[in-house]
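With this note's numbering applied, the sequence shown covers 445 to 741. Think of the CB as a built atom: it goes at the ideal place given N, C-alpha and C, for glycine as much as any other residue. Only a predicted model underlies this, so the values are computations on that prediction, with no experimental measurement involved.
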Amino acid sequence: MQKPKLIVILGQTATGKSGVAVRLAKKFDGEVVSADSRQVYKGLDLGTGKITKKEMRGIPHHLLDIASPREQFSVAEYKKLADTAISGILKRGKIPILCGGTGLYIDTVVNGTILPGVAPNIKLRKELNNKTAKQLFEMLKKLDPKRAETIDSKNPRRTIRAIEIASTLGRVPNLEVRLPSWGVLKIGLTLPDKTLKQKIHIRLFSRIRLGMVAEARRLHKRGLSWGRMEALGLEYKYLAKYVNNKISKQEMLARLETEIWRYAKRQRTWFKRDKEILWFEPAEFKEIEKETKKFLN
C-alpha cells in the first residue's frame, strides 16, 4: 500500500516558511502543523515570529499555543501531538504540511523516532535553570560525552533535558527509529547570507515597533518569571535583560541580531546533513508548486 503523504517546509529563521506553507495549503487543500519549539507556548507571539490569523488566510494551523511558557514542553510531547494532528488531517482528506525551523522536532516526526520516556524532574530543573549555558554543557560532557558532541551547546533547554535524561538513565540513549508512517517531500527554503541578514534585521526592528518589549512585560505580569524567560532563549533572554536594566536597548538589539544570525547558521548546519531536502529560494514558488504536484500525483 502507498503511504499517506506529508509535505515538510523547513529552513532557517526569516526565510518565509510560513508564507510558502500557507500558499501550498491553499493550492493543494492542506492544513499546517507547526514545527517550532517556542511557538508551542501561549503568549510568545512577537518574540517567536508566530504567524497571525490574517497571515493564515483561513488555513487551519496546529500545535501553536498549546503549552504554558511556565512549564517545559518536551520533544516527546511534541511528537505525540504532531502524529495525532497529521493523522487527523489525513482522515479529513486534507494534505498535512509540517512547517518550521526546529530540526529535532521535524526529524522525530519524519523519521519515526521513539524518544526515551523520562518524566520531568522539577527539582533538578529549578537547580539547573540558575546555571549558564556553558556550565550546563560542561555538566553534560561529564555525564554523557557522546550526547555532548551532538547537542547545541547554546541551547540551555535542550541541554537541561539531556542532563535530566542522563541523570535518570545514566546516559542519553541512542534514539530508536521505526519506519515512518508516511511518504515525505522535504522542501527547504534558503537565501544568500547577505539577504538573510537583512531580513533578520528588518524583522527584528519590525517586531520591536509592534510591541515586543510590551509582550515581555505582559508575560511577566501573567506569571512568567524573568529566569524562565531568559531560559526560553533568543529574543526573550535579551528582552528580560533589557526590561530589568541589565543591558541598554541598543545593546539588546545588537546582541539579538548577532544571536539570531548564529542561530540561523546552526539551523543551516543541522538541515544540510539531510540529502533528501530539495532546496529553493522562497521566490521560486512555481518550482516548489511543481515539485509538490509531482509528489502528490
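Helix, strand or coil for L722 per DSSP? Strand, per DSSP.
By Cβ distance, which residues of its chain are closer than 8 angstroms to E674, with the 5 residues on each side in sequence left out? So the list reads Y680, K681, A684, K685, once near-sequence residues are dropped.
Terminal residues of the continuous alpha helix (DSSP H) containing V464? For V464, the enclosing alpha helix (DSSP H) starts and ends at 461 to 472.
9 angstroms Cβ cutoff, G671 in contact with chain D: Here chain D cannot be found, since the structure has a single protein chain.
Return yes when at least one heavy atom of the ligand SAM lies under 8 angstroms from the C-beta of E582, else no. Only the bare structure without any ligand can be found here, which leaves the ligand SAM out of the picture.
Using 8 angstroms as the Cβ pair cut-off and three pairs as the minimum, do the stretch 689 to 697 and the stretch 488 to 504 touch? By the Cβ rule, the stretch 689 to 697 does not count as touching the stretch 488 to 504, because fewer than three pairs are nearer than 8 angstroms.
Roughly how many whole angstroms lie between the Cα atoms of F649 and K447? Here the alpha carbon of F649 sits roughly 44 angstroms from the alpha carbon of K447.
Going by DSSP in three states, I691 sits in which element: helix, strand or coil? Coil at I691, not helix or strand.
When burial is assigned at 16 or more other CB atoms within 10 Å of the CB, is I646 buried or exposed? Exposed is the call here.
Measure from the alpha carbon of V554 to the alpha carbon of each residue in A526, G677, N574, then state which is nearest. Of the candidates A526, G677, N574, the one whose C-alpha sits nearest the C-alpha of V554 is A526.
Between V519 and R605, is the Cβ-Cβ spacing less than 9 angstroms? It is a contact, given that the beta carbons lie within the stated cut-off.
Measuring straight from C-alpha to C-alpha, what distance separates G655 and S669? Within the model, the alpha-carbon separation for G655 versus S669 is close to 19 angstroms.
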